[in-house]
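*Asks:* Take this structure, written in structure tokens, and hold onto it; I'll ask about it next.
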Amino acid sequence: MQQKTHQLSISTQGRKLYDITPQVIDWAKHSGLRTGLITLFIQHTSASLLINENYDRDVLVDLEAFFNRLVPDGDPLFIHTVEGPDDMPAHVRTALTQTHLSIPLVDGKAALGHWQGVFLYEHRHVASSRRVILHLIGE
Amino acid sequence: MQQKTHQLSISTQGRKLYDITPQVIDWAKHSGLRTGLITLFIQHTSASLLINENYDRDVLVDLEAFFNRLVPDGDPLFIHTVEGPDDMPAHVRTALTQTHLSIPLVDGKAALGHWQGVFLYEHRHVASSRRVILHLIGE
Amino acid sequence: MQQKTHQLSISTQGRKLYDITPQVIDWAKHSGLRTGLITLFIQHTSASLLINENYDRDVLVDLEAFFNRLVPDGDPLFIHTVEGPDDMPAHVRTALTQTHLSIPLVDGKAALGHWQGVFLYEHRHVASSRRVILHLIGE
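Protein chains in written order, with our numbering: chain A, 1 to 139; chain B, 1001 to 1139; chain C, 2001 to 2139.
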């Protein structure tokens, strides 16, 4: 049994879903392991992780439209507004999605379904640099 | 340290929470391992996984009522409607719940609490066949 | 490769986010392992787990304000009201947040980001005792 770790640094330019599927797939493939468990962990509280459809890009547009309506910027409900009207909505969106994801490694590959992509969801409007820790245990 | 993997194929007949607790518990029990980590991963983007109460079935009715009100079918907000009015809502519901679950294995058993059940949440109205990968690492 | 397990018992006094970061960090640090995967699993369906900002406590106030508006107590939508008006909302809030969290162990430490804290989110108003299973695999 072995472990591998890696860190992704993702430059984000505003609120959007960023497809990191290729990085995850490539890293898993080159790990040399055949069976195991891959875990992604994002070290932030205003950006999150998500697995969703990566074929029709309209899905990403609609996901953002939904979260934008559910957690509107500048909502007078919020008192934590230090970094602007998108500050607290970013924390809520993070709470409603994922800070970590685990994906089995099967036959040397991340066992994603045919339509599944792995996304970093940036919730702030400002450009940022986001760190995602990758961990793999297996053999 | 050892690993075990398995695949569940679940036939779904429309939008509903399907209790897969027995399959998970049985597989863990027959793994022969005593301590470890069980991970479930669903290979779809319009069905998801969820742990919730499995005693009073009214909880499942109410969960569905809540998600149906929060993410209504045919919402004019959505542009991705290729497969019908429940297509994009299924992706949003998946984003709001889980694509994977991890449960510790303790004393040879999945360490679920007394009232916890493991559910596959089918978000589409059409019948479907859903794949869940099970992974266990431990000893 | 080794495994460590532990159980936290958290006394809650009503609906609130309880910071359990110190317990998680300390347990990981004293495990003697350097690289691995930490998993937390809560054995309840009306309390959940969450990673979010642990610096400005207003974030916790706003998170609760958001969930309170999204899933109001006593909502006439719900039929499962056995334990009172906060019973079913607690299950929905659990569904929208997390029953488990995984965090990589890097250089002997839980790899939390600078602003990240680990919280137990109690969704019931009554005092309760909550169990969280900790699992660590690594070396």
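Where is the CB? At the ideal position from N, CA and C, for every residue including glycine.
So with Cβ pairs under 9 Å, would you call aspartate 1062 of chain B a contact of chain C?
*Replies:* Yes, aspartate 1062 of chain B lies at the interface with chain C (some Cβ there is under 9 Å from its Cβ).
*Asks:* Shorter than 9 Å from the beta carbon of histidine 1091 of chain B to some beta carbon of chain C?
*Replies:* no
*Asks:* Can you round the beta-carbon distance between isoleucine 1137 of chain B and isoleucine 137 of chain A to whole angstroms, since I take them to be within the 8 Å contact cut?
*Replies:* 7 Å
*Asks:* Buried or exposed, going by whether 16 or more other CB atoms sit within 10 Å of the CB of proline 1089 of chain B?
*Replies:* buried
*Asks:* In terms of residue numbering, what span does the alpha helix (DSSP H) encompassing glutamine 1023 of chain B cover?
*Replies:* 1021 to 1029
*Asks:* Below 8 Å on the Cβ atoms is my contact criterion, and I expect leucine 96 of chain A with threonine 35 of chain A to pass it. Report the Cβ-Cβ distance as a whole number of Å.
*Replies:* Their Cβ separation, rounded to whole angstroms, is 32 Å, which puts leucine 96 of chain A and threonine 35 of chain A out of contact at 8 Å.
*Asks:* Kindly list, in the order they appear in chain C, the residues whose Cβ is closer than 7 Å to that of leucine 96 of chain A.
*Replies:* Those are Leu2096, listed as they occur along chain C.
*Asks:* When Cβ atoms are compared, which residues of the region 116 to 137 of chain A fall closer than 9 Å to chain C?
*Replies:* Taking 9 Å as the upper bound on Cβ-Cβ separation, chain C lies near residues Arg131, Ile133, Leu134, His135, Ile137 of the region 116 to 137 of chain A.
*Asks:* Beta-carbon separation of glutamine 1116 of chain B and glutamine 2098 of chain C under 9 Å?
*Replies:* no
*Asks:* Between glycine 2113 of chain C and histidine 80 of chain A, how many whole angstroms is the CB-CB distance? I'm expecting something under 8 Å.
*Replies:* Not really, about 18 Å apart at Cβ, beyond 8 Å.
*Asks:* I'd like to check one pair, aspartate 75 of chain A with arginine 124 of chain A: are the Cβ atoms closer than 9 Å?
*Replies:* Not closer than 9 Å, so no.
*Asks:* For the alpha helix (DSSP H) containing asparagine 1068 of chain B, list its first residue and its last residue.
*Replies:* 1058 to 1070
*Asks:* Closer than 7 Å by C-beta to aspartate 2026 of chain C: which residues in its own chain qualify, once you throw out the five before and the five after it? Chain order, please.
*Replies:* none
*Asks:* Counting only Cβ pairs nearer than 8 Å, list the residues of chain B close to leucine 50 of chain A.
*Replies:* Ala1095
*Asks:* Taking only runs of the beta strand (DSSP E) that begin and end inside the region 67 to 107 of chain A, which ones reach a length of at least 3 residues, in chain order?
*Replies:* 100 to 106
*Asks:* Please list, in chain order, all residues of the same chain as threonine 1021 of chain B whose beta carbon is under 7 Å from its beta carbon, the five residues on each side excluded.
*Replies:* Asn1054, Gly1117, Val1118
*Asks:* For arginine 1069 of chain B, go through chain C and note every residue whose CB falls closer than 8 Å to its CB, in chain order.
*Replies:* Leu2077
*Asks:* Among residues of its own chain, excluding the 5 on either side of glutamine 1003 of chain B, which ones have a beta-carbon nearer than 8 Å to its beta-carbon?
*Replies:* His1135, Leu1136, Ile1137
*Asks:* From the DSSP output, in three-state form, read off serine 46 of chain A for me.
*Replies:* coil
*Asks:* Is the Cβ of valine 2082 of chain C closer than 9 Å to any Cβ of chain B?
*Replies:* yes
*Asks:* Would you say leucine 1008 of chain B and glutamine 1023 of chain B are within 9 Å of each other, going by their C-beta atoms?
*Replies:* yes
*Asks:* Can you tell me whether glycine 1032 of chain B is helix, strand or coil according to DSSP?
*Replies:* coil
*Asks:* Please list, in chain order, all residues of the same chain as arginine 1093 of chain B whose beta carbon is under 6 Å from its beta carbon, the five residues on each side excluded.
*Replies:* Phe1067, Val1071, His1123
*Asks:* Tyrosine 2018 of chain C by DSSP, collapsed to three states: which one?
*Replies:* strand
*Asks:* Just to check my reading of the structure: leucine 1063 of chain B and histidine 2091 of chain C have Cβ atoms closer than 8 Å, yes? What is that Cβ distance to the nearest angstrom?
*Replies:* Yes, leucine 1063 of chain B and histidine 2091 of chain C are in contact; Cβ-Cβ is about 7 Å, under 8 Å.
*Asks:* What is the rounded straight-line gap between the Cα of histidine 2109 of chain C and the Cα of threonine 5 of chain A?
*Replies:* It should be noted that the sequence gives lysine, not histidine, for residue 2109 of chain C. When rounded, the distance between both Cα atoms is 14 Å.
*Asks:* Name the chain A residues that come within less than 7 Å of serine 1102 of chain B, Cβ to Cβ?
*Replies:* Ser102
*Asks:* Select from C/Leu2077, C/Asp2019, C/Asp2073 the residue whose C-alpha is nearest the C-alpha of isoleucine 2051 of chain C.
*Replies:* C/Asp2019
*Asks:* Using the beta-carbon of each residue, which ones in chain C are nearer than 7 Å to histidine 44 of chain A?
*Replies:* Gly2113
*Asks:* Run through DSSP, which three-state label would arginine 2124 of chain C get?
*Replies:* coil
*Asks:* Which whole-angstrom value describes the C-beta separation of arginine 130 of chain A and alanine 28 of chain A, a residue pair presumed to lie in contact below a C-beta threshold of 8 Å?
*Replies:* Not really, about 20 Å apart at Cβ, beyond 8 Å.
*Asks:* Quick one: which chain A residues come within Cβ less than 9 Å of alanine 2047 of chain C?
*Replies:* Per Cβ cutoff of 9 Å: no residues; alanine 2047 of chain C is ~15 Å from chain A at best.
*Asks:* Going along chain C in order, which residues have a C-beta closer than 7 Å to the C-beta of threonine 1035 of chain B?
*Replies:* Gln2003, Thr2005
*Asks:* Whose Cβ in chain A lies nearer than 7 Å to the Cβ of threonine 1039 of chain B?
*Replies:* Leu37, Ser102, Pro104
*Asks:* Can you round the beta-carbon distance between aspartate 56 of chain A and valine 1082 of chain B to whole angstroms, since I take them to be within the 8 Å contact cut?
*Replies:* 7 Å
*Asks:* Report the neighbours of threonine 1021 of chain B on chain A: residues whose CB is nearer than 9 Å to its CB, in chain order.
*Replies:* Ordered by position in chain A, no residue passes the 9 Å Cβ test against threonine 1021 of chain B, which lies about 20 Å from the chain.
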